[in-house]
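Peer 1: In the order they appear, the protein sequences are chains V and E.
Here our numbering is used: position 745 in the first sequence is 745, and no number is missing along the way.
Here our numbering is used: position 119 in the second sequence is 119, and no number is missing along the way.
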Amino acid sequence: MTDMNSRNESAKMETTTSTALAEKAERKLAELDSPEANARRRELLERIEGKIGRMDRFDRLRELTDGLNADDDVSRLKIAALVHELEVYQTEIEIQNEELISSQVETSEVRDRYQQLFDLAPVGFCVLEKTGVIEEGNEHAKRILDPVYRRLEGKPLGMFLTTESRKTLFHAMERAQHGCEEGERYELKSGAVARVCIRWRDDGDKKAGYLVSIADVTDERRDEENKERRFQTLLRNFPNGMVLTFDLRLRYTVADGRDSTRLQFPKDNLIGKTPREALGDEVADALEPHYQAALEGEERRFETEFNGETYEVRVTPIRERDDVVVGGMVVSQLITDRKLAERRVLESERLNRALVQANLESLVLVNRMGDILAVNEVGAERLGYEPDDLVGKNVYNLLPPRLAKSRKRRIERAFETGEKDRFEDEREERFFANYMHPIADEDGVCRKMAILAVDVTESRKRERALNRYKNRLEELVRKRTAQLERNGAQLREEVEQRRRAERDLSIKERQYRQLVENIPNGGVFLFDEDMRYVAVGGKGLDALPDELEGKTVSDVLDASIAEEVEENYRAAIDGETRSFEVELAGRMYEVFVAPVETDGDKRMGMALTQDVTEWESTLARLRLSEARLQQAQRLANLGVYQFGADGEGLFWSPEAYRIVGLRESENPPSREDFLTMTLTEDRETVERALSDAATLKRRSRFEFRVKRPNGSIAHAQSVAEPALDEDGNLLRVFGAMHDITGQKQTQEEIAQLNRDLGRRAEALETANRELEAFSYSVSHDLRSPLRALNGFSMALTEDYRDALDDDGKDMLDRIAAAANKMSDLIDDLLKLSRISRTELVVEAVNLSAIAESIVEEARQKEPERDLRVDVERDLYVNADARLVRVALANLLGNALKFTRGREDACVCVGRESAGDRVEFFVKDNGAGFDQQYAGKLFRPFQRLHSTKEFEGTGIGLATVKRVVQKHGGDIRAVGEPGAGAAFYFTLPWGERE
Amino acid sequence: MSNEEPYILLVEDNPDDVSLTLRAFKKQNVVNRVEVAGDGAEALERLFGVQSDPTLPSVILLDLKLPKVDGIEVLKKIRANERTKLIPIIVLTSSKEEVDLVRSYENGANSYIRKPVEFKDFLRAVNRLGVYWMLLNERIPEK
Chain V
1 MTDMNSRNES AKMETTTSTA LAEKAERKLA ELDSPEANAR RRELLERIEG
51 KIGRMDRFDR LRELTDGLNA DDDVSRLKIA ALVHELEVYQ TEIEIQNEEL
101 ISSQVETSEV RDRYQQLFDL APVGFCVLEK TGVIEEGNEH AKRILDPVYR
151 RLEGKPLGMF LTTESRKTLF HAMERAQHGC EEGERYELKS GAVARVCIRW
201 RDDGDKKAGY LVSIADVTDE RRDEENKERR FQTLLRNFPN GMVLTFDLRL
251 RYTVADGRDS TRLQFPKDNL IGKTPREALG DEVADALEPH YQAALEGEER
301 RFETEFNGET YEVRVTPIRE RDDVVVGGMV VSQLITDRKL AERRVLESER
351 LNRALVQANL ESLVLVNRMG DILAVNEVGA ERLGYEPDDL VGKNVYNLLP
401 PRLAKSRKRR IERAFETGEK DRFEDEREER FFANYMHPIA DEDGVCRKMA
451 ILAVDVTESR KRERALNRYK NRLEELVRKR TAQLERNGAQ LREEVEQRRR
501 AERDLSIKER QYRQLVENIP NGGVFLFDED MRYVAVGGKG LDALPDELEG
551 KTVSDVLDAS IAEEVEENYR AAIDGETRSF EVELAGRMYE VFVAPVETDG
601 DKRMGMALTQ DVTEWESTLA RLRLSEARLQ QAQRLANLGV YQFGADGEGL
651 FWSPEAYRIV GLRESENPPS REDFLTMTLT EDRETVERAL SDAATLKRRS
701 RFEFRVKRPN GSIAHAQSVA EPALDEDGNL LRVFGAMHDI TGQKQTQEEI
751 AQLNRDLGRR AEALETANRE LEAFSYSVSH DLRSPLRALN GFSMALTEDY
801 RDALDDDGKD MLDRIAAAAN KMSDLIDDLL KLSRISRTEL VVEAVNLSAI
851 AESIVEEARQ KEPERDLRVD VERDLYVNAD ARLVRVALAN LLGNALKFTR
901 GREDACVCVG RESAGDRVEF FVKDNGAGFD QQYAGKLFRP FQRLHSTKEF
951 EGTGIGLATV KRVVQKHGGD IRAVGEPGAG AAFYFTLPWG ERE
Chain E
1 MSNEEPYILL VEDNPDDVSL TLRAFKKQNV VNRVEVAGDG AEALERLFGV
51 QSDPTLPSVI LLDLKLPKVD GIEVLKKIRA NERTKLIPII VLTSSKEEVD
101 LVRSYENGAN SYIRKPVEFK DFLRAVNRLG VYWMLLNERI PEK
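(1) What would DSSP say about Y800 of chain V, mapped onto helix, strand or coil?
(2) First and last residue of the beta strand (DSSP E) that includes F920 of chain V?
(3) Got a sec: which bits of the segment 781-812 of chain V sit with their beta carbon under 9 Å from any beta carbon on chain E, in order along the chain?
(4) Please tell me whether I826 of chain V and L771 of chain V are closer than 7 Å, where the distance is taken between their beta carbons.
(5) If you run the structure through DSSP and keep just helix, strand and coil, what is Y149 of chain V?
(6) In angstroms, rounded to a whole number, what distance separates the CA positions of N568 of chain V and V593 of chain V?
(7) Got a sec: which bits of the segment 104-115 of chain E sit with their beta carbon under 9 Å from any beta carbon on chain V, in order along the chain?
(8) Any C-beta of chain B sitting closer than 7 Å to the C-beta of F119 of chain E?
(9) Starting from D727 of chain V, trace the alpha helix (DSSP H) both ways and give me its first and last residue.
(10) So which residues of chain E does A819 of chain V contact, with C-beta pairs closer than 8 Å?
(11) Counting along the chain, where does the beta strand (DSSP E) carrying G40 of chain E start and finish?
(12) With a CB to CB cut of under 6 Å and the five nearest residues on each side skipped, what residues in its chain are close to K51 of chain V?
(13) Which class does Y385 of chain V belong to by DSSP, given the choice of helix, strand or coil?
(14) Excluding the 5 residues flanking V18 of chain E on each side, which residues of the same chain have their C-beta closer than 6 Å to its C-beta?
(15) Nearest to M604 of chain V by CA position, among V:G647, V:R532, V:Y657, is which residue?
(16) What are the boundary residues of the alpha helix (DSSP H) that G280 of chain V is part of?
(17) Closer than 8 Å by C-beta to L56 of chain E: which residues in its own chain qualify, once you throw out the five before and the five after it? Chain order, please.
(18) Leaving out the 5 sequence neighbours to the left and right, which residues in its chain are closer than 6 Å to D425 of chain V when beta-carbon positions are compared?
(19) In chain order, what residues of the same chain have a beta carbon less than 6 Å from the beta carbon of R201 of chain V, not counting five sequence neighbours either side?
(20) Can you pull the DSSP bridge partners for A982 of chain V?
(21) Cα-Cα, which of V:Y385, V:I198, V:Q292 is closest to H171 of chain V?
(22) If we call anything under 7 Å between Cβ atoms a contact, is L957 of chain V one with L944 of chain V?
(23) Just the Cα atoms here: how many angstroms apart are E576 of chain V and M606 of chain V?
(24) Report the neighbours of L944 of chain V on chain E: residues whose CB is nearer than 8 Å to its CB, in chain order.
(25) Can you find a C-beta in chain V that's less than 7 Å from the C-beta of N127 of chain E?
(26) At which residues does the alpha helix (DSSP H) containing E549 of chain V begin and terminate?
(27) Quick check: does the Cβ of P387 of chain V come within less than 6 Å of any heavy atom belonging to the ligand GTP?
(28) Going by other Cβ atoms of all chains shown within 10 Å of its Cβ, with 16 needed for buried, is E655 of chain V buried or exposed?
(29) Any contact of the segment 395-414 of chain V with the segment 361-375 of chain V, i.e. 3+ C-beta pairs under 8 Å?
(30) Helix or strand or just coil, what does DSSP make of L244 of chain V?
(31) Along chain E, in chain order, which residues have C-beta atoms closer than 9 Å to that of S1026 of chain V?
(32) What whole-angstrom Cβ distance do E303 of chain V and E312 of chain V have, given they're in contact under 8 Å?
(33) Check the Cβ of S823 of chain V against every Cβ in chain E and list those closer than 8 Å, keeping chain order.
(34) R23 of chain E versus chain V: which residues are under 8 Å apart at the beta carbon?
(35) Which residues mark the beginning and the end of the beta strand (DSSP E) in which K448 of chain V is found?
(36) Three or more C-beta pairs under 8 Å: does that hold for the segment 64-72 of chain E against the segment 115-129 of chain E?
So, in structure tokens, the structure goes:
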């Protein structure tokens, strides 16, 4: 309302201001009324007329001004000005009125808000009449005072209080009229306790009364009672000392505590007395300054000796609610024992610290919690701190978390057992040996521990280096051993080879010996470059001493003969072939010497002797010489032949007959015969070489092969040479052939071995490619079902949420998780598969029997199906039985699968020959496949049918192919959609055992 | 078959994967029609065969390992054809082999997504795929 008054006030003022303004305007108009002003005005009007005459407002203005004389003009202007001012004033009044109304609205809103607040306040409010009757009360007040009926209006406040409290209320009301306003507690009839604050209100014109605020403090009081009880309990049980309180005059008001009996003054002697009265001047002098300080609001803590005991005393002020100090509290505690202990600890700590500092190694003193009590400089440095900064820190916090955990275990164990322990650790490439020394207190409990860390890096490094050397040495020994083992194996192999060679040699030697022993009328001598006989044989050795082997030529023969013999022997050793005659013991011997190829160090020669004493004619000697030549040729696998000028066969040596496989009794083959014998491919070469020799009359070399009548092939080298008369006409063609079949065979064997090696490399490569394809497919195809597992279990969880309880959902989660896990397992399996290999165990295997047994198994699985399977009998292969079974199981399995649902289904297993190729087959008349996709069939995981049509993983035929290839065979597939499939494969033939 | 609304062609032989993919589309509110071809040959038949759909798919999701004609072959054929060479093709496969990635991109795949075993991951992948290729990506209008 005051607000509105002031508004009216200001409105009044505005009116005054307006009057003043009107006067001011009048004055101004008088000024304007001068002739000069009028002239100027007219001029202005003219100008306005000229420039802005278009504007309506000025048109109206001109209308008003036109037709008025100067005097009228002035009065008119004056009236216009006044009217204008009045209009302005009116507008302002209107604005003010509007503001006034809005402020009234605001005020009532505020009042409403206050009323609301009044009602909703968490504190009770009442307005009392002078008589104490409640005029108005808010909701909270109702709740406190009259929780049942909630009706306060018209009832005296005292009605809700207990009789005793009512008296207090009257006093308080009286005091309130004198401006004393304090809150007090009142017991309510309802049993609750309220804190009530009363204020006197006297607005003068309004009727006087009280404003009362009420708060429910029942709980507060209960709290206080509890606190009081607790306080009393604490007091009585205060250990090892006393609790005292004193008032403002230092008189003790409370004295209690468990140990009060230890004091010479029982507590009753203290109550109501000052320290000076109760304890004497000396003690009072010590205590009273502290007591006084407490009364001034200070807290004191000090130690004092009393009756030979040490007490720790705390003095604190006791405050009332308004913070006014009303007394003090003394808490004294007997600390004599603690004091002594502390002193001891202090001493031992000083000692420890000295020890800690003196040590060259890191020394840390920790308590059971791992807090660092002391650390020396070395230790701090190692941890990267100043010693002072480390004390109080927790040692575990300074370590990396994992290390801290293990250290903590070790240290705590040492604390528990009280025994010394030791551990090692490594920090920043340095090694530390840590020695833990738990320190037991007098009661035997370890509360501290010294940890000494000794830098053992150097010795560890040495140790490691030593280990490295040791390992290297061991490695060397291992390698050396392995090498020795390899060498040993090689040696054994060599020994074995030599033994084989020796065996071979001994066979040849026997043959040779037989030959040598049977040379009639002469002997064979093998000698080395020292002219020493190595071997001797023959029937005509009567002229020579026995046991020539080991003796030299000069040992055996007279010097006169020896010289000649030696000379010829030497020539032989140097590679010459010679013959000479020698007379020994009255008989004439012809000696034929030739070099002997050896693989030893010593060069050797051979001498053939023949007693020619009886052979008188030259012809006889010639024959003899020819015979010897033949022998030599035979020994050297060398055959000679002659053709006449027209190609007719003149002479073939026995060795030449042998090479081409003819009997010696047959006529010497002609040039034409010879060409017929040679293989077609070589014929041209042979013909050209022979005609070169005949027509170009020059020596020619060639190689040729002949097919012997027994079917074997001989391989030979030959030289052909023309023999001419003095005129240069061709007489005949000489030729020599050397059997090199053995060499060629060896070469062929080597080539074969190389080819095998190549095949094996190829197989290996195929296997690798397959492995790659396999692992690729595994990562692809094995994941699809897992995805389905995961996805559908998820779908189930989502779509059937309501139908599933938590267990059910959990199970589905497990399925989803298992699928994920499997996907991981696949990766692992792949790795495994790379490692695994199969060794073939080859034996004669009855393919037919295996096929039959597979079919039998299939029949048992599907007894209702009428299976027609024809298996050809007695198909034998040389193969690994287990793998053959795998391959057949796959092929037959496929055949049975793809014929399912066919009434005339037929599967057959058999053998077919095409040219010199023999293939086994498995055929069916089932679903078949498109031949253009045949190549895909054998690749792992490739399928020509969807899983919907025929189940399967697509790895079966790849397996079959691998099995077949492992045996050196191959496989092909022939098919037609709807007309069946046939698989042809080769395996090494076997013989029925 | 021949309405004009944009649709997705899913080339996938595994019925489980088809079902899961369709479900994923549904879950991720991809409302476009999805046509399924069960193998590479069927996909080619749909696009080029006598009874082929006159409307081309907005996007093709292509598995790589398919019976009869494999995914790369399908990809090559689509890219070689004047009418279909601009259709976005997303290779959606189990394989994480580098060789598949390289071959797919070499032959003109627009995107390569590996089907994860975890369905939640798959949902995420399909969501992005649907939003990107069906909503965000601007297509060349058909003549």
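Ideal placement from N, C-alpha and C gives every residue a C-beta, glycine not left out.
From a predicted model like this one, the values you see are computed outputs, not experimental measurements.
Peer 2: Quick answer:
(1) coil
(2) 917-924
(3) D781, L782, R783, S784, P785, L786, R787, A788, L789, N790, G791, F792, S793, M794, A795, E798
(4) No, the Cβ-Cβ distance between I826 of chain V and L771 of chain V is not below 7 Å.
(5) coil
(6) 7 Å
(7) K115
(8) Here the protein chains are V and E, and chain B is not one of them.
(9) No alpha helix (DSSP H) holds D727 of chain V; DSSP gives it neither H nor E.
(10) V117
(11) From DSSP, G40 of chain E is part of no beta strand (DSSP E) but of the alpha helix (DSSP H) over 40-48.
(12) Confidence at K51 of chain V is low in this model, with a pLDDT of 48, below 50, so its placement is unreliable and no value can be given for it.
(13) Three-state result, Y385 of chain V: coil.
(14) E12, V36
(15) V:R532
(16) Run containing G280 of chain V: none; DSSP gives neither H nor E here.
(17) L47, R83, T84, I87, E142
(18) F432
(19) G209, L211
(20) V:K923, V:V974
(21) For the residues V:Y385, V:I198, V:Q292, the minimum Cα distance to H171 of chain V belongs to V:I198.
(22) no
(23) 11 Å
(24) P67, K68
(25) no
(26) Careful: E549 of chain V lies outside any alpha helix (DSSP H) and carries neither H nor E.
(27) Questions concerning the ligand GTP fall outside what the structure shown contains, since it holds no ligand whatsoever.
(28) buried
(29) With a cut-off of 8 Å, the segment 361-375 of chain V and the segment 395-414 of chain V count as touching, because enough Cβ pairs lie within range.
(30) strand
(31) Here chain V covers residues 1 to 993 and nothing more, so residue 1026 of chain V does not appear.
(32) The pair is a contact, with the Cβ atoms about 5 Å apart (cut-off 8 Å).
(33) V117
(34) G791, A795
(35) 446-455
(36) no
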